[in-house]
Each structure stands twice: as structure tokens, then as C-alpha cells.
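J.: The opening residue of the sequence shown carries number 3 in the working numbering; numbering runs sequentially from there.
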Amino acid sequence: MGSNKASAASLLRDVFGFDDFRPGQEEIVEAVARGENTLAIMPTGGGKSLCFQLPALMQDGVTVVISPLIALMRDQVRALQASGVAAGALTSGNSPEETEMVWNALQERKLKLLYITPERLSAGSSLGMLRNIGVSMIAVDEAHCISQWGHDFRPDYLRIGELRRTLNVPLAAFTATADAESRVEIVEKLFDGVRPRTFLHGFDRPNIHLAFTVKNSPRTQILNFVNARKGQSGIIYCGTRAKTETLALGLREVGHASIYYHGGMDGEDRRIAERRFQQEDGLIVVATVAFGMGIDKPDIRWVAHADLPKSVESYYQEIGRAGRDGHPAETLTLFGPEDIKLRRSQIDEGLAPAERRMADHARLNALLGLAEALECRRKTLLNYFGETKVNCNHCDLCQNPPEVFDGTTAVRKALSAMLRTEERFGSGHLIDILLGNETEKIRQRAHTKLPTFGIGKEYTRVQWQTVFRQMMGHDLVRPDADRYGALRMTDAALPILRGLASINLRRDTIKAAVRRPTVTSMLSEEHAPLLSALKAKRRGLAEVANVPAYIIFPDRTLIEMAERRPKNLDQMARVNGVGAKKLQNFGEAFLKVINNEVEPLHPTRRKLAGRKCGALFDKLMKVQTDLARGSDGTGKPLSCSASQLAKVAQLRPDDNVAIERVLGDQKAERFGSAFLDVLRNAG
Ligand code: ADP
Ligand code: ZN
3 MGSNKASAAS LLRDVFGFDD FRPGQEEIVE AVARGENTLA IMPTGGGKSL CFQLPALMQD
63 GVTVVISPLI ALMRDQVRAL QASGVAAGAL TSGNSPEETE MVWNALQERK LKLLYITPER
123 LSAGSSLGML RNIGVSMIAV DEAHCISQWG HDFRPDYLRI GELRRTLNVP LAAFTATADA
183 ESRVEIVEKL FDGVRPRTFL HGFDRPNIHL AFTVKNSPRT QILNFVNARK GQSGIIYCGT
243 RAKTETLALG LREVGHASIY YHGGMDGEDR RIAERRFQQE DGLIVVATVA FGMGIDKPDI
303 RWVAHADLPK SVESYYQEIG RAGRDGHPAE TLTLFGPEDI KLRRSQIDEG LAPAERRMAD
363 HARLNALLGL AEALECRRKT LLNYFGETKV NCNHCDLCQN PPEVFDGTTA VRKALSAMLR
423 TEERFGSGHL IDILLGNETE KIRQRAHTKL PTFGIGKEYT RVQWQTVFRQ MMGHDLVRPD
483 ADRYGALRMT DAALPILRGL ASINLRRDTI KAAVRRPTVT SMLSEEHAPL LSALKAKRRG
543 LAEVANVPAY IIFPDRTLIE MAERRPKNLD QMARVNGVGA KKLQNFGEAF LKVINNEVEP
603 LHPTRRKLAG RKCGALFDKL MKVQTDLARG SDGTGKPLSC SASQLAKVAQ LRPDDNVAIE
663 RVLGDQKAER FGSAFLDVLR NAG
């Protein structure tokens with residue numbers, strides 16, 4: 003069973019591309035994979051198909067799926083095939099070739115899922131055929147079609163009971179219709195009256211209080227939340243391993259019993275942490291998402307997210323660890339523009355195929371929709387999973403309905419500032435334009451001449467930041483990872499720009515945004531990726547020298563480097579905090595980061611570690627460094643992003659046109675033929 007679980011999770015990720023189960027799925031998958039007869043009632047859109055598709059892959063033999071809708075069936079088969087799963091359908095809509103292919107695959111015992119219509123069962127030859135192909139299980143979709151009193155009655159469904167008896171294999175039935183009469187009928191007709199393992203639960207966890215807050219001083223916000231719940235067991239989820247350690251320490255310093263937990267710890271340490279959390283009262287675990295699987299503590303009183311989770315599914319799973327005993331439990335999720343940017347770039351920089359990245363963006367959008375929701379969180383959350391009847395009064399928005407206003411004008415001003423500057427800047431610079439600030443950068447680029455210059459004086463900088471955050475939350479604009487986070491407009495913004503749609507924004511968060519921004523958020527966003535590359539370099543150097551990071555350079559200095567982007571040692575020497583000694587010791591190393599933008603330690607590269615394309619990536623990187631200023635060394639500096647290099651290494655384009663598709667024309671012209679040489683030599 004333990005190994006089943008591991009392979010279910012890895013199949014979920016590798017085949018279906020999901021990181022988390024949706025509510026209810028995991029238990030159903032486990033039962034079905036164990037070979038239990040099951041009946042699962044789940045709302046439409048809740049993710050039923052996965053509950054038989056995944057177990058089908060965990061078993062030998064073929065799973066027969068009976069489904070009444072040919073179009074749906076063909077969609078599923080196509081989707082499975084696209085994910086590399088051997089699936090086929092026998093329907094009246096098949097071409098002779100398709101049917102032949104299915105038969106061949108069955109003969110060779112290669113097929114994992116065979117979809118058939120109930121009508122097909124009635125055809126005399128079918129039973130005999132199904133007896134001889136090694137069926138491991140029967141899955142029945144839309145099982146309520148067996149109910150004679152329901153409006154979807156399909157007489158041929160009555161044959162399924164006979165099929166089950168003949169094949170003598172487990173049967174899993176699925177439906178979204180939960181009324182008691184049809185359930186009784188399903189049990190009678192499909193399972194001969196023997197009650198199967200039944201899953202019928204709504205997804206609502208009414209004892210859990212839901213709340214989101216915009217991040218402004220995260221440490222204090224988390225501390226306040228924790229202080230108000232002293233002595234209670236809770237989990238704080240953080241986006242990075244390092245943060246779990248510092249936050250756990252910070253909490254201990256102010257008297258909270260707390261430990262950290264993340265995937266980088268060795269197995270023994272993790273087990274100790276799990277055991278302590280399970281056994282000790284009132285312990286706080288500060289953890290990455292690695293924590294939680296297999297934790298079965300009923301009295302976790304609260305879950306806080308110090309950083310935004312990556313999808314609604316993850317959010318639901320993580321908060322769902324609280325209050326299993328049914329007693330009141332509380333949650334708090336912090337989110338801010340940095341989170342949105344981070345999650346977007348993780349998706350963009352990942353190596354998943356384009357459709358999967360799009361789906362990931364959509365799932366992230368759903369979570370942002372929840373974060374920026376204007377009414378009941380529970381309703382927004384459960385609607386996403388298909389549940390429509392929702393009672394709440396137990397979330398921050400029900401208790402304090404937010405003040406909203408028509409933000410159309412503000413959004414249009416912001417969009418206009420973006421478009422007038424060709425979508426080449428981050429929100430920092432755009433806000434300077436809106437406010438009419440004559441910064442050096444504005445003067446250099448003659449942005450004072452823009453018609454949008456100074457048209458946004460009704461708001462302060464921080465208030466504009468909340469407008470931009472909400473725009474990101476509504477997916478009207480997206481930071482472009484390949485261009486240091488410059489904001490681009492999405493299609494969703496078009497109707498607003500054209501005056502065909504309006505948009506409501508929350509006023510309260512705009513009003514509340516008066517706190518001084520921290521030093522790092524003062525750094526305009528386009529420099530943030532470079533800053534984190536500089537910090538990574540600093541961390542590496544600090545580890546080698548065995549000194550704290552700030553000894554190498556303090557944050558201030560790195561920020562200035564990121565903004566000024568010195569091109570040589572002379573310019574580097576002018577950055578505050580870079581003395582002669584440090585210039586000599588570290589100057590080159592940081593210059594390299596600045597002028598390359600891509601570090602060898604880049605996460606994109608790390609993912610390729612140990613693979614053939616990893617070595618290829620390194621070769622491409624070297625070639626592009628050599629050509630950074632063209633073959634004669636006098637050209638304009640140009641470099642590819644890590645994700646572009648990774649794409650070249652993986653897709654191995656074989657001509658200039660294909661290269662251009664990945665790199666765009668400018669970079670293809672500079673690096674194209676050199677890259678093709680590398681790829682050809684790699685064989
Ligand atoms: P149902 O048959 O219950 O109406 P589907 O099986 O068609 O629902 O699934 C609905 C949607 O949910 C599909 O787009 C599917 O890709 C998505 N989905 C299913 N399981 C997950 C999961 N674990 N994480 C994210 N998305 C999922
Ligand atoms: Zn509510």
C-alpha cells in the first residue's frame with residue numbers, strides 16, 4: 003500500500019502533470035487501486051476521470067471504461083494518448099483504422115484503458131471479447147444512467163451488472179448525482195445489492211475559517227497571527243527552505259515552540275520532526291510543501307501561508323490539514339506581487355510543454371481569483387471544485403465585506419502607460435510615469451513626453467502598487483520572465499482597454515497601502531531577477547569563505563549593482579560598498595553575473611542536472627558567453643535566458659527557422675549558427 007501511494011503520486015505528476023490531488027481524489031484512487039468495489043459521488047468538474055485513469059495505470063491488464071457520451075469519451079482518449087497512455091475507444095464513431103488499432107493493441111495486451119459505450123455491451127460478441135483480453139477492472143462513468151427513474155436512463159447500463167459477474171473483477175462507479183434513490187438503485191443494479199465502498203462528501207470544511215491578507219510586512223503579520231494563537235499546534239508554509247529555517251528561529255526567539263521542515267533535510271531529521279509534531283502539544287512547524295503527506299494529526303488548530311501557494315488545489319490541501327477533528331480551525335494566506343511574479347516565472351521557466359504551462363497559469367489564476375475575491379472565499383473556492391450550494395459566514399470577506407470601486411479608469415491608465423512604453427518596463431518605472439516623477443531613467447528615455455506622463459497623480463506609489471497587484475491577480479498583465487519581469491498585457495485586458503468592459507477593484511487594500519515599502523520592494527521590479535542572481539552568487543561565495551553573506555556585500559550594495567549594472571571593473575568600483583579589496587576579490591565574479599544574467603546555478607539548469615541536455619546546456623552557455631558581444635567583440639551585449647537555452651538543449655532545433663522560433667530573430671542571428679554547430683557535434 004505504501005508503494006502504491008508513492009507511485010500514485012508520481013503518476014499524478016509525471017503522466018497527468020498535477021502536483022496535488024483534488025479533494026477526495028486520493029482516497030478514491032487508493033481504494034480503486036486496491037481493487038475494492040467503489041461508488042464515488044463527486045460534483046461535475048471535481049476530477050472523477052482521474053480516479054479511474056490513475057488506478058488503471060497502477061494495475062496489470064486493461065481497465066474497461068463505460069461511458070454514455072461518445073464525444074466525451076473521445077476527448078478523454080485523445081488526452082490520455084497525448085500524455086503517453088495507451089488508451090482506445092470502441093464506438094460507432096470510429097474509423098475502421100481506429101478500430102483496427104484498438105484491436106491490435108488489445109491483442110498485444112498493450113492497452114491500459116478501453117472505452118466502450120453501453121450499447122456496445124449489448125452487441126452479442128462483446129462479452130466474449132472482453133473475457134479474453136485480461137480485464138483488470140470496470141469503471142462506470144455517469145453511473146446514475148442506470149436509474150430507471152432518473153432522466154438520463156440508459157437501458158443498456160443494465161448490462162453492466164452482468165458484465166461484472168461474468169468477468170468477476172472489481173467495479174468503480176462514478177456520478178455527480180447524489181440523491182439517495184439513485185444511489186440505492188446503483189448499488190442494487192451494479193453491485194448486486196452489496197454495498198460498495200462509498201465516497202460521498204462535499205468538499206466544504208465548514209469548521210475552517212478562511213482569510214487572505216495582502217503581504218506588507220510578512221514577518222510581523224505572521225508573528226501577530228501566531229501570537230494570537232499561542233500554545234496551539236499550527237503549520238506555516240513558506241516558499242523556500244531557507245525561509246523555513248529563519249522563520250522557525252525567529253519564532254523561537256520570541257518564545258514559540260517551533261521547528262522547521264523541508265525536503266533538503268535528511269530522512270532521519272525529517273522523521274524526528276514529524277514525530278515531534280505528532281506528539282508534542284502546541285508545536286509550530288515552519289515548512290515547505292514537502293510537509294504534510296502522511297501527517298495525520300487531528301488537532302492542528304491553524305495553517306498559515308507566509309507565501310502564496312501555487313494553485314487552488316495546493317491551497318485546499320494545505321489548509322485542509324487543519325481541524326480534522328471538526329473543531330474550529332483558522333487559516334491565513336499572505337500574498338503580494340512578488341508571489342505572483344515568482345509563481346508565474348516558475349511556470350514560464352519550467353520545461354513543461356506549452357499546453358501544460360497554460361493549464362498551470364490557469365490554475366494559478368484561479369488561486370489569484372480567490373486571493374483577490376470580492377465576495378465569499380468559500381463560495382469562490384468550492385465553486386472551483388464544482389460545488390454550487392455554499393453556506394459560509396465564516397470567512398474574512400463574509401465577515402468584513404470589502405469596499406469595492408469601479409477601477410476601470412485606473413486600470414486603463416496603467417495599461418496605457420504600459421503600451422506607450424512598448425511593454426518593456428516593470429511596475430516601478432510605470433508608476434514613475436503615472437506619477438510624473440522625473441527620474442533619471444525617465445529623462446534618459448524621454449518618457450516625460452508621453453501623454454500618460456503624470457496622469458495618475460490621484461494615487462500614491464503604494465496605492466498604484468496595489469492596483470498593479472490586482473491587475474496581476476485578475477491576469478490582466480503578466481510579468482515576462484524572459485525580459486526581467488517587464489509587464490505585458492494579456493488578452494483579458496483588451497475589453498477593458500477598449501472600453502467594452504469595466505472592472506471592480508478593492509478599495510480597502512488601496513486605502514490601507516500606506517506603510518513604507520521595504521528596501522527590497524523599493525527596487526523596481528525589472529531588476530528583481532538580477533538581484534536574486536546576485537544574491538545566489540553572494541551565497542555561494544559566502545559558503546566557500548565560510549562567512550555570513552553580508553560580509554561579502556550587504557543587500558544595499560547588491561541592489562545598487564542590480565540598478566546600475568556596471569559593465570566593467572571601473573564602473574563596479576563606483577558602486578557604494580565596493581572598496582578596493584572587495585573589488586579585487588569579488589568584482590569579476592559579480593560582473594559576470596550582471597553581464598550574463600544567467601548563473602550556472604540557475605534553477606533551470608539545475609533541473610537538467612545529470613541529463614544529457616544538461617551538458618548541452620553548458621556548451622550552449624559557453625558559446626553564447628563567447629559571442630555575448632558578437633564575433634568581433636564590439637557588438638551590443640546580448641544573451642539568452644536560461645529557459646531559452648534549456649529549450650534549445652531539449653528541443654534540439656535543427657535549422658535556423660526552428661532556432662528563431664525559440665530565440666527570436668535578434669538572438670538567432672547572433673547565436674543561431676554557433677548553436678547549430680554545438681547541437682550537430684553532440685550527435
Ligand atoms: P468530472 O469528470 O468530475 O466532471 P474531470 O475528470 O473532467 O471532472 O476533471 C475536471 C477538470 O479538473 C479537468 O480539466 C482535469 O484536468 C482537472 N483536474 C482533475 N484532477 C486534477 C488535479 N488533481 N489537479 C488539477 N486539476 C485536476
Ligand atoms: Zn464567506
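Cβ atoms here follow ideal geometry from the backbone N, Cα and C, with glycine treated the same way.
With a 10 Å radius around its C-beta and 16 neighbouring C-beta atoms as the bar for buried, classify Q465 as buried or exposed.
T.: buried
J.: From N96 to E144, what distance separates their C-alpha atoms?
T.: 22 angstroms
J.: I'd like to confirm something about A174: is its beta-carbon nearer than 8 angstroms to some heavy atom of the ligand ADP, or not?
T.: no
J.: For E332 and R490, I'd like the C-alpha separation in whole angstroms.
T.: Linking E332 to R490 through their CA atoms gives a straight-line distance of about 36 angstroms.
J.: Using 8 angstroms as the Cβ pair cut-off and three pairs as the minimum, do the segment 381 to 401 and the segment 39 to 51 touch?
T.: The segment 381 to 401 is in contact with the segment 39 to 51.
J.: Determine the direct distance from the alpha carbon of V580 to that of K299, and round the result to whole angstroms.
T.: 51 angstroms
J.: Am I right that F227 and A42 are in contact with their C-beta atoms under 8 angstroms? What's the rounded C-beta distance?
T.: No, F227 and A42 are not in contact; Cβ-Cβ is about 36 angstroms, not under 8 angstroms.
J.: Taking the alpha-carbon of A292 as reference, which of D301, Y239, F279 has the nearest alpha-carbon?
T.: A292 has its Cα closest to that of Y239, out of D301, Y239, F279.
J.: Quick one: is I286 buried, meaning 16 or more other Cβ sit within 10 Å of its Cβ, or exposed?
T.: buried
J.: With three or more beta-carbon pairs closer than 8 angstroms as the criterion, would you say the segment 299 to 311 touches the segment 435 to 446?
T.: no
J.: Based on the DSSP secondary-structure assignment, which residues constitute the bridge partners of T246?
T.: According to DSSP, which records beta bridges pairwise, T246 is partnered with nothing at all.
J.: Kindly indicate which residue of G674, D656, C615 has the alpha-carbon position closest to the one of C642.
T.: Of the candidates G674, D656, C615, the residue whose Cα lies closest to the Cα of C642 is G674.
J.: In three-state DSSP terms, what is S51?
T.: Three-state DSSP puts S51 in a helix.
J.: Say the cut is 8 angstroms; is the CB of Q83 nearer than that to a heavy atom of the ligand ADP?
T.: no
J.: Using only the alpha-carbon positions, how far apart do L108 and I135 sit?
T.: 6 angstroms
J.: Going by the C-beta, is A495 closer than 8 angstroms to any heavy atom of the ligand ADP?
T.: no
J.: Expressed to the nearest angstrom, what Euclidean distance is found between the alpha-carbon atoms of V516 and A373?
T.: For V516, the predicted structure reports a pLDDT of 44, less than 50, and the residue's modelled location is therefore unreliable. A value from the coordinates is still provided. When rounded, the distance between both Cα atoms is 20 angstroms.
J.: Who are the near neighbours of I72 in its chain, counting only those whose CB is closer than 6 angstroms to its CB and skipping five residues on each side?
T.: Its chain contains T93, G95 as the residues whose beta carbon lies nearer than 6 angstroms to that of I72, once the 5 sequence neighbours on both sides are disregarded; these appear in chain order.
J.: Do N395 and the ligand ZN come close, with the Cβ less than 8 angstroms from some heavy atom?
T.: yes
J.: For the candidate residues K381, G458, L376, T492, whose alpha-carbon lies nearest to that of R509?
T.: Cα-wise, what sits closest to R509 is L376.
J.: Is E315 near the ligand ADP, judged by its Cβ being under 8 angstroms from some heavy atom?
T.: Under cutoff, so the answer is yes.
J.: May I have a chain-ordered list of the alpha helix (DSSP H) segments no shorter than 4 residues that lie completely inside the segment 194 to 261?
T.: Whole alpha helix (DSSP H) segments, 4+ residues: 220 to 229, 243 to 255.
J.: Mind checking whether R346 and P481 have CB atoms under 9 angstroms apart?
T.: yes
J.: Taking 9 angstroms as the cut-off, decide whether the C-beta atoms of G89 and L113 are in contact.
T.: The question names Gly, but residue 89 in the sequence shown is Ala. Result yes, Cβ atoms of A89 and L113 sit closer than 9 angstroms.
J.: Where F193 and D158 are concerned, what is the direct C-alpha to C-alpha distance, given to the nearest angstrom?
T.: 16 angstroms
J.: For N548, which three-state DSSP category applies?
T.: coil
J.: Thinking L383 and V288 are a contact (beta carbons under 8 angstroms), I'd like their distance in whole angstroms, please.
T.: That pair is no contact at about 24 angstroms.
J.: Based on Cα-Cα distance, which residue from M131, A488, A544 lies nearest to G707?
T.: Look at the range of the chain in this structure, 3 to 685, and you will see that residue 707 is not part of it.
J.: Could you check if L399 belongs to the surroundings of the ligand ZN, using beta carbon to heavy atom distance under 8 angstroms?
T.: Yes - the ligand ZN has a heavy atom lying nearer than 8 angstroms to the Cβ of L399.
J.: Counting only the same chain and skipping the five closest in sequence on each side, list residues whose C-beta sits under 8 angstroms from that of D283.
T.: G233, S235
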